[in-house]
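Numbering (the numbering used here), first residue to last: 923 to 1000.
This is the structure in structure tokens:
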């Protein structure tokens, strides 16, 4: 029986606060994978996971900042 793959959390995972609202940004990958996944969780626990995978954790962080800049943080509050 093989062990479950380890989840690698990026050191770029962070909390982003704008307009009085906070989002937890989680950037992670499985140890045998090369692409990073992006998940944003709001204060109510609602999770938004990007369909796209990212070649670097920095690219994932850039994507969430771009989305917040373009759509506003309110887009993640529903």
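Ideal Cβ positions, reconstructed from N, Cα and C, are used throughout, including at glycine.
Pick from the options that is closest to residue i, judged by C-alpha positions
i, options, result
"residue 936", "952, 991 and 962", "962"
"residue 914", "947, 939, 938 and 954", "The chain is shown from 923 up to 1000; residue 914 falls before or after that span and cannot be answered."
Residues that residue i bridges to, as DSSP identifies them
i, result
"residue 972", "BP columns for residue 972 are empty, so no partner."
"residue 944", "939"
"residue 963", "946 and 969"
"residue 931", "950"
Proximal residues to residue i (C-beta, below 8 Å), its chain only, five neighbours per side dropped
i, result
"residue 969", "961, 962 and 963"
"residue 985", "960, 972, 974 and 976"
Close beta carbons around residue i, own chain, < 7 Å, minus the five adjacent residues each side
i, result
"residue 932", "949, 950, 958 and 979"
"residue 941", "995"
"residue 998", "945, 962, 964 and 970"
"residue 934", "949, 979, 980 and 983"
6 Å CB neighbourhood of residue i in its chain, flanking five on each side removed
i, result
"residue 989", "none"
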